[in-house]
Amino acid sequence: MAPIVRLSGVDKVYGTRPVLQNIQFELREKDRILLFGPNGVGKSTLLKILASLTPPTSGSISFYEDRAGLRLFRRRMGYLGHESLLYPDLSGEENLLFFAALRGLGRDRCRSLLAQVGLDGEAAQRRVRFYSAGMKQRLSVARALLHDPEILLLDEPFNALDSGFVSSFLQWIRSRTVVMVTHQVELARSVATRQFEVGNGKVVEKLVGAA
Amino acid sequence: MREGLNAALAILRKDLVLEVRSREGFLSNLFFALLVLILFNFGFDPGSAAIVEGKAAIFWIAVVFASALTLSRTFQRESAESAIHALALLPLDPAWIFVGKFLTNFCVILLLMTLTLPLFIIFFDVSVSWRMWLLAAVCPLAAAGMAAVGTLFGAMAESTRLREVVVSILLYPIIVPLLIASVQLMRQALKLTGEIENWHWMGMMVVFDLIFFAAALVVFDYVLGE
Amino acid sequence: MMRSFLLVLLYPMMVLALYCAFLYAPREAVMGEVQRIFYFHFALGWLSFLAYFILFVFSVAYLATGVRRYDTWASASAEIGVIFSTLVLITGPLWAKPVWNTWWTWDPRLTTFLMLWLMYVAYLLLRANMEESDRKYRISAILGIIAFIDVPITFMSIRWWRSIHPVVITSKGMNLEREMKITMFVALGAFVVLYAVLLHLRVQQKDQEYRIGIGHGGLA
Numbered sequence: 000m001a002p003i004v005r006l007s008g009v010d011k012v013y014g015t016r017p018v019l020q021n022i023q024f025e026l027r028e029k030d031r032i033l034l035f036g037p038n039g040v041g042k043s044t045l046l047k048i049l050a051s052l053t054p055p056t057s058g059s060i061s062f063y064e065d066r067a068g069l070r071l072f073r074r075r076m077g078y079l080g081h082e083s084l085l086y087p088d089l090s091g092e093e094n095l096l097f098f099a100a101l102r103g104l105g106r107d108r109c110r111s112l113l114a115q116v117g118l119d120g121e122a123a124q125r126r127v128r129f130y131s132a133g134m135k136q137r138l139s140v141a142r143a144l145l146h147d148p149e150i151l152l153l154d155e156p157f158n159a160l161d162s163g164f165v166s167s168f169l170q171w172i173r174s175r176t177v178v179m180v181t182h183q184v185e186l187a188r189s190v191a192t193r194q195f196e197v198g199n200g201k202v203v204e205k206l207v208g209a210a
Numbered sequence: 000m001r002e003g004l005n006a007a008l009a010i011l012r013k014d015l016v017l018e019v020r021s022r023e024g025f026l027s028n029l030f031f032a033l034l035v036l037i038l039f040n041f042g043f044d045p046g047s048a049a050i051v052e053g054k055a056a057i058f059w060i061a062v063v064f065a066s067a068l069t070l071s072r073t074f075q076r077e078s079a080e081s082a083i084h085a086l087a088l089l090p091l092d093p094a095w096i097f098v099g100k101f102l103t104n105f106c107v108i109l110l111l112m113t114l115t116l117p118l119f120i121i122f123f124d125v126s127v128s129w130r131m132w133l134l135a136a137v138c139p140l141a142a143a144g145m146a147a148v149g150t151l152f153g154a155m156a157e158s159t160r161l162r163e164v165v166v167s168i169l170l171y172p173i174i175v176p177l178l179i180a181s182v183q184l185m186r187q188a189l190k191l192t193g194e195i196e197n198w199h200w201m202g203m204m205v206v207f208d209l210i211f212f213a214a215a216l217v218v219f220d221y222v223l224g225e
Numbered sequence: 000m001m002r003s004f005l006l007v008l009l010y011p012m013m014v015l016a017l018y019c020a021f022l023y024a025p026r027e028a029v030m031g032e033v034q035r036i037f038y039f040h041f042a043l044g045w046l047s048f049l050a051y052f053i054l055f056v057f058s059v060a061y062l063a064t065g066v067r068r069y070d071t072w073a074s075a076s077a078e079i080g081v082i083f084s085t086l087v088l089i090t091g092p093l094w095a096k097p098v099w100n101t102w103w104t105w106d107p108r109l110t111t112f113l114m115l116w117l118m119y120v121a122y123l124l125l126r127a128n129m130e131e132s133d134r135k136y137r138i139s140a141i142l143g144i145i146a147f148i149d150v151p152i153t154f155m156s157i158r159w160w161r162s163i164h165p166v167v168i169t170s171k172g173m174n175l176e177r178e179m180k181i182t183m184f185v186a187l188g189a190f191v192v193l194y195a196v197l198l199h200l201r202v203q204q205k206d207q208e209y210r211i212g213i214g215h216g217g218l219a
């Protein structure tokens with residue numbers, strides 16, 4: 000089966016600062032990948048390239064090894080960014096309803112998801128500007144999961160979440176294809192099937208359990 | 000097609016809600032247009048003929064200045080928490096995001112024009128006549144052109160330093176044809192001039208709008224992403 | 000290699016252009032000596048258009064391929080174009096004042112040229128306001144294309160605009176003798192080579208800047 004995303008010889012340069020150099024990387028179905036490494040080494044950049052958010056400076060990226068694969072990929076993929084990707088002046092519910100409308104999803108889906116992440120009732124009507132960090136992260140998670148994606152690309156997903164929510168989130172992750180960037184390595188390792196260390200422009204696979 | 004149109008309309012609806020919630024932005028722009036109108040008065044001797052001759056131009060300069068300020072706002076709210084990433088990742092042609100944002104800017108600029116017009120009528124002592132119906136065609140055409148170019152420039156100026164200034168310096172030179180046509184037609188509407196070839200100018204505005212709308216649709220994809 | 004060839008070509012051509020403009024070309028009967036500035040004005044004007052056309056071509060090439068060097072060529076061409084067209088806008092009034100008795104007239108050609116100048120200064124200002132990134136190159140390329148599309152529309156609209164009002168002064172009606180035409184083309188040729196030399200130099204300079212930047216970027 001064709002890999003979901005394949006990077007070959009990918010470079011990313013910000014201005015004159017090379018962030019990634021000659022990256023070979025494949026994401027396959029049912030992979031649960033952990034990307035780790037110190038701050039500022041390009042983990043988030045790699046995730047953005049995988050998400051098709053930002054094009055590589057050079058090298059090639061393909062989705063399902065197909066020219067038309069990008070749209071299918073975007074249909075199946077949910078992205079949780081470093082920032083919330085929300086509108087502070089809309090309420091939690093309005094935010095979800097907007098993103099649901101963009102994908103042609105209904106109000107019921109938003110309601111049940113809000114209940115699942117514990118943001119029903121008054122919290123749903125409050126503007127995101129007045130959310131706590133934890134509530135905002137929950138809503139971001141709900142936004143990423145809105146269209147029930149089979150593939151998840153997650154940037155620091157466990158930040159500001161309480162342990163109860165994290166464990167149900169991890170449970171949910173187990174049945175999907177995932178790429179996670181996180182400093183909470185122990186949490187991610189409990190579900191990861193493969194691990195990569197990012198640093199010095201390179202991405203190196205580490206054996207699971209060896210660390 | 001249907002999916003895309005729905006997405007564009009969802010963006011329009013969401014943006015209009017946000018415009019109403021943070022209305023101080025729009026109101027400041029409208030106030031700015033008023034200031035331009037008033038300041039221009041002090042550039043002329045009281046009761047001089049020059050100001051009668053030039054008032055059509057003054058209206059459009061005020062509108063263009065204030066519109067440029069509204070344009071930088073539309074993508075600012077997308078980048079505040081990077082919501083633009085969520086839009087960019089939709090399984091849609093990014094051109095639909097452009098369409099949604101274009102519709103927003105079109106509505107905002109048209110509203111700005113509509114509200115500036117009565118202020119202009121009062122301060123420049125314009126006698127209202129049936130010929131001003133011409134403006135019902137001119138204003139939407141001008142708003143569409145400014146929104147087409149301005150939406151693209153607004154998106155481009157995002158992530159630059161001095162966002163508002165950048166939008167203005169990009170917008171003003173490009174829309175000169177639109178400005179000329181609008182002023183000519185406005186002079187006609189205010190009976191400041193004899194018969195001019197109205198269709199000629201409106202045709203030019205339509206061509207301007209279509210060319211830049213199409214060009215912006217094509218290149219918009221490249222504006223997204225880092 | 001390329002540059003030394005161009006330089007060898009440039010020096011004699013510039014000297015020849017100066018010779019033609021000041022000594023070979025006859026004194027214009029009506030306008031007098033001041034008309035000699037026209038040869039440089041004319042050459043710089045066309046080179047400005049060429050520079051902008053090159054900018055457009057490399058902008059399209061960058062968007063199509065994403066090769067960073069195309070952006071380097073595009074921006075170098077824009078910089079030279081701005082310098083050339085600034086010189087056009089300086090030499091024009093110097094010539095117009097004694098001949099037409101006005102510094103400036105809003106005729107279609109002059110006005111369009113001025114708009115062009117504004118747009119490309121805006122291009123450089125946009126670049127100056129952005130951090131180095133792929134996005135900067137893409138956005139500059141978009142402006143390079145949009146500005147190019149705008150030029151003919153601007154020209155047409157200004158022509159219509161002027162046609163409503165009587166044009167007092169036209170820039171037509173100059174009868175050129177054979178020597179004058181030859182001088183025109185010699186000057187044009189010299190400036191084409193000058194443009195090529197400057198473009199080549201500037202691109203090299205930018206490449207070096209970039210390499211030095213990379214050296215300080217942190218990664219080996």
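Heads up: the sequence lines are chains A, B and C, in that order. First residue of the first sequence: 0, per numbering that gives the first Met the number 0; consecutive thereafter. First residue of the second sequence: 0, per numbering that gives the first Met the number 0; consecutive thereafter. First residue of the third sequence: 0, per numbering that gives the first Met the number 0; consecutive thereafter. Positions of the beta carbon are idealized from the N, C-alpha and C atoms, including for glycine. For clarity, every value in this text was computed on a predicted model and none was experimentally measured.
Look at Ser90 of chain A here: in three-state DSSP terms it is strand. Asn104 of chain B: member of the alpha helix (DSSP H) spanning 94-122, first to last residue. Relative to Thr153 of chain C, the option among B:Arg22, B:Leu68, B:Phe25, B:Pro172 whose CA is nearest is B:Pro172.
Spatial neighbours of Val185 of chain C in its own chain (CB-CB distance under 7 Å, excluding positions within 5 residues in sequence) are listed in chain order as Leu15, Ala16, Cys19. For Leu153 of chain A, the closest C-alpha among the options A:Thr181, A:His146, A:Val202 is that of A:Thr181. For Asp65 of chain A, DSSP records a beta bridge to A:Phe62. DSSP, reduced to helix, strand and coil, places Arg175 of chain A outside both helices and strands of the structure shown, so it counts as coil. For the segment 110-140 of chain C, the set of residues with a beta-carbon nearer than 7 Å to any beta-carbon of chain A comprises Glu130, Glu131, Ser132, Asp133, in chain order. For Glu196 of chain A, no alpha helix (DSSP H) segment is defined; the enclosing uninterrupted segment is the beta strand (DSSP E) at 193-198.
The criterion of a C-beta distance shorter than 8 Å is satisfied by Arg126 of chain C and Ser74 of chain C. The continuous beta strand (DSSP E) containing Asn21 of chain A extends over residues 16-26. Using a Cβ-Cβ cut-off of 7 Å, Ser81 of chain B is close to Gly80, Glu82, Leu84 of chain A, given in chain order. In the three-state reduction of the DSSP assignment, Ser27 of chain B falls in the helix class, which pools H, G and I.
Gly149 of chain B carries a helical assignment under DSSP once its states are collapsed to helix, strand and coil.
Annotated as distal: His81 of chain A and Glu196 of chain A, with beta-carbon spacing of 8 Å or more. Sequence-distant partners of Phe122 of chain B (beyond 5 residues in either direction) whose C-beta falls short of 6 Å from its own C-beta, in its chain, are Leu36. Note: Asp70 of chain C is not bridge-paired with any residue in the DSSP secondary-structure output. Nearest neighbour of Lys190 of chain B by Cα position, chosen from B:Leu29, B:Ser47, B:Glu52, turns out to be B:Glu52.
Contact with chain A is found for Leu89 of chain B, since one of that chain's Cβ atoms lies less than 8 Å from the residue's Cβ. Beyond the five residues adjoining it in sequence on each side, Leu111 of chain B comes within less than 7 Å, by CB distance, of Asn28, Leu29, Ala32, Val62, Ala65, Ser66, Thr69 in the same chain, given in chain order.
Here the C-alpha atom of Gly224 of chain B lies approximately 7 Å from the C-alpha atom of Arg134 of chain C. Asp44 of chain B and Ile50 of chain B have their C-alpha atoms some 8 Å from each other. According to the DSSP secondary-structure assignment, Gly77 of chain A is paired through a beta bridge with A:Leu151. Collapsing the DSSP output to three states places Lys201 of chain A in a strand.
Met13 of chain C places its beta carbon less than 8 Å from that of Ala189 of chain C.
Secondary structure note for Val164 of chain B: its alpha helix (DSSP H) is the uninterrupted segment 162-173. At a cut-off of 8 Å, the C-beta of His199 of chain B has no neighbouring C-beta in chain A. Taking 8 Å as the cut-off, the Cβ atoms of Glu28 of chain A and Met0 of chain A count as close. Cβ-Cβ distances below 7 Å link Phe39 of chain B to Ile57 in the same chain, with the five nearest sequence neighbours on each side left out; the list follows chain order. When the five nearest sequence neighbours on each side are left out, the beta carbons in the same chain lying within less than 6 Å of the beta carbon of Ile53 of chain C are those of Ser76, in order along the chain.
Listed along chain A, no residue sits closer than 9 Å to Gly193 of chain B by beta-carbon distance, the nearest being about 50 Å off. For Gly8 of chain A, the enclosing beta strand (DSSP E) starts and ends at 4-13. Taking 8 Å as the cut-off, the beta carbon of Leu43 of chain C is found no closer than this to the beta carbon of Leu113 of chain C. Residue nearest to Ala55 of chain B within the set B:Phe119, B:Thr103, B:Leu102, B:His84 is B:Phe119 (criterion: CA-CA distance).
For the 8 Å CB-CB criterion, Ser57 of chain A and Asp10 of chain A form a contact. Proximity of chain A to Asn5 of chain B at the Cβ level (cut-off 9 Å) is accounted for by Ala100, Leu101, Gly103, in chain order.
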